[in-house]
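Numbering (my numbering), first residue to last: 39 to 426.
We put the CB at the ideal spot given by N, CA and C, even for glycine.
Keep in mind it's a predicted model, so treat the numbers as computed, not measured.
The block underneath contains the structure these notes are about, expressed in structure tokens.
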Amino acid sequence: MGKKSYKHIYTAFIHGGIYGDERTGAVNVPIYQTSTYEQIHLGQHTGYEYSRTGNPTREALEALIAELEGGVAGFAFASGMAAISAVLTLFHSGDKVIISSNVYGGTFRVLDKIFKNFDIHYSIEDTTDLEALEKSITKEVKAIFIESPANPLLTITDLKAVADLAKNHGILSIVDNTFMTPYLQRPIQLGMDIVVHSGTKYLGGHSDLIAGLVVVNQKELADKLAFIQNATGGILQPFDSFLLIRGIKTLGVRLDRHVENASKIADYLLKHPAVKKIYYPGLKDFPGYEINKKQAKNGGAMLSFELKEEYDIRKFYDGLELIALAESLGGVESLVCHPASMTHASIPYKVRQKVGITEGLIRLSVGIEHVDEIIDDLETAIEAAREN
Ligand SMILES: *Cc1c(COP(=O)(O)O)cnc(C)c1O
């Protein structure tokens with residue numbers, strides 16, 4: 039019980055962090071569904087006082103994600119956006135954060151509509167262009183916030199280069215690792231300071247919970263985040279912490295299948311005469327292929343594509359039967375979305391056009407169903423979408 043040793047990350051998914059329950063031998067960490075803890079004497083407690091501050095189920099999850107990412111501490115929040123917002127409260131009025139040009143729509147929105155009101159600003163930069171990125175680091179800039187692959191065009195940013203750049207300028211580097219998870223990419227090993235996750239996606243893996251995680255690479259940041267988590271209070275509940283631990287146990291096997299399916303589907307779409315453009319970091323002629331190969335295990339399981347003009351994308355979405363039209367990603371079931379009107383609708387039309395999130399763009403989160411059935415469904419929908 040307690041701490042186990044292991045060599046491979048497959049084993050860490052199951053035995054990492056805090057394993058089981060010392061008192062009973064239960065192989066799972068119990069769900070400590072309690073708000074408070076009885077104190078032994080006045081001024082003497084068990085280490086737990088109140089569940090916003092600390093809860094053993096949440097702590098087991100936090101220890102697990104910290105270990106998987108190779109950081110010094112992890113923090114669990116009620117959603118990915120609560121996690122990202124908590125990180126952004128590290129900054130003060132007058133500060134500025136650089137974000138990459140296709141970050142998650144919610145990250146853009148919280149900066150644009152909320153943090154801006156507190157005089158914390160942002161600028162959108164093409165983080166694949168390191169020279170331009172360096173030039174944009176003015177004295178107000180306190181952090182670079184990136185995603186790689188970014189959402190929804192799967193744009194690849196060189197994580198190590200950005201981490202080095204941030205270090206040289208004495209600012210923080212933050213990466214949203216939701217699309218890759220620590221199984222496929224470990225940004226702290228490449229020098230990044232803070233990793234954030236929407237645990238809602240691959241980590242949870244079953245489209246049955248909303249959760250967020252933060253991992254930091256140094257004690258000073260850990261102390262600040264612990265303070266912020268307790269002070270602002272957007273914590274993950276014990277039951278959801280349990281569900282997320284449970285999801286992570288199968289992350290390795292699930293992702294192996296997700297990725298295997300995604301690369302077959304990418305090949306299918308690449309050869310398809312109806313497809314105008316495909317974005318998948320596992321394809322050799324994808325612009326970020328080499329950098330992604332250097333920093334991640336493979337291309338992941340998210341891909342986006344555009345059909346040629348003579349195809350009606352409304353009919354495409356209507357033509358799908360197996361694949362659900364829905365927000366979100368990373369669950370066992372395949373999901374398709376229309377970024378321009380769904381996940382990225384909060385980004386103004388002009389900005390969307392500028393970064394390439396066109397009206398015809400289709401994003402696919404490849405599930406772990408039998409790949410032939412996913413492809414059959416795509417084929418039927420593409421057929422249905424052909425005008426005349
Ligand atoms: C979904 C998502 C988020 C937001 O997470 P929630 O759990 O929905 O709050 C942030 N970043 C990325 C890349 C996401 O896909």
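Query, Result
"Is V7 buried or exposed, if buried means 16 or more other CB atoms sit within 10 Å of its CB?", "Only positions 39 to 426 of the chain appear in this structure, which leaves residue 7 out of reach."
"Taking 7 Å as the cut-off, is the C-beta of M119 nearer than that to any heavy atom in ligand 3?", "This structure does not include ligand 3; its bound ligands are ligand 1."
"Taking only heavy atoms of ligand 1 into account, decide whether any of them is closer than 7 Å to the Cβ of G109.", "no"
"F183 lies in the beta strand (DSSP E); which residues open and close that run?", "V179 to E185"
"By a C-beta neighbour count over all protein chains shown, 10 Å radius and 16 as the cutoff for buried, is V200 buried or exposed?", "buried"
"With respect to the alpha helix (DSSP H) encompassing Y48, which residues constitute its N-terminal and C-terminal limits?", "I47 to H53"
"Rounded C-beta distance between L128 and V148? I'm assuming under 8 Å.", "Not confirmed; about 14 Å, so no contact."
"Taking the alpha helix (DSSP H) that D261 falls in, what are its first and last residues?", "K257 to T270"
"Give the DSSP bridge partners of I69, in chain order.", "Bridge partners of I69: none, in fact."
"Counting only beta-carbon atoms, is S342 nearer than 8 Å to chain C?", "No chain C appears in this structure, which consists of one protein chain only."
"Please list the terminal residues of the continuous beta strand (DSSP E) segment that includes E18.", "No information on residue 18 is available, as it lies outside the stretch 39 to 426 that the chain covers here."
"Any idea which residues DSSP pairs I137 with across the strands?", "I162 and F183"
"Hey, which unbroken runs of the beta strand (DSSP E) at 3 residues or more fall wholly within the stretch 221-260?", "232-236 and 250-254"
"Please classify F130: does DSSP put it in a helix, a strand, or coil?", "The sequence shown places His at residue 130, rather than the Phe named in the question. In this structure, H130 counts as coil in the three-state DSSP scheme."
"If we call anything under 8 Å between Cβ atoms a contact, is K314 one with E344?", "yes"
"When the Cβ atoms of the stretch 385-403 are set against those of the stretch 324-332, are three or more pairs found closer than 8 Å?", "no"
"With hydrogens ignored, establish whether the beta-carbon of I400 is closer than 7 Å to any heavy atom of ligand 1.", "no"
"I need the DSSP call for T95, collapsed to helix, strand or coil.", "helix"
"Count the other CB atoms, across all protein chains shown, that sit within 10 Å of the CB of F206; report buried if there are 16 or more and exposed otherwise.", "According to the sequence shown, residue 206 is Asn rather than Phe. Under this definition N206 is an exposed residue."
"Quick check on F153: does DSSP put it in helix, strand or coil?", "helix"
"What's the call for L308, buried or exposed, on a 16-neighbour Cβ count within 10 Å?", "exposed"
"Closer than 7 Å to a non-hydrogen atom of ligand 1 - does that hold for the CB of I283?", "no"
"When you compare the CB positions of L293 and T219, do they come within less than 8 Å of one another, or not?", "yes"
"Ligand 1 heavy atoms versus the CB of K239: any closer than 7 Å?", "yes"
"Under a Cβ-count criterion, where at least 16 other Cβ atoms within 10 Å of its own Cβ denotes burial, should A73 be classed as buried or exposed?", "The sequence shown places Ser at residue 73, rather than the Ala named in the question. So S73 counts as exposed."
"Going by C-alpha distance, which of D133, S174, G338 and E172 is nearest N155?", "D133"
"Can you look up S301 in the DSSP assignment and give me helix, strand or coil?", "helix"
"The beta strand (DSSP E) with Y317 in it runs from where to where?", "V313 to Y317"
"Rounded to a whole number of angstroms, what is the C-alpha to C-alpha distance between S245 and S372?", "11 Å"
"Please specify which runs of the beta strand (DSSP E), each continuous and at least 3 residues long, are wholly inside the stretch 359-420, giving them in chain order.", "373-375 and 399-403"
"Nearest to I286 by alpha carbon, out of G208, C375 and L99?", "L99"
"Regarding I303 and ligand 1, is the C-beta to nearest heavy atom distance less than 7 Å?", "no"
"Beta carbon of L197, beta carbon of L228: below 8 Å?", "yes"
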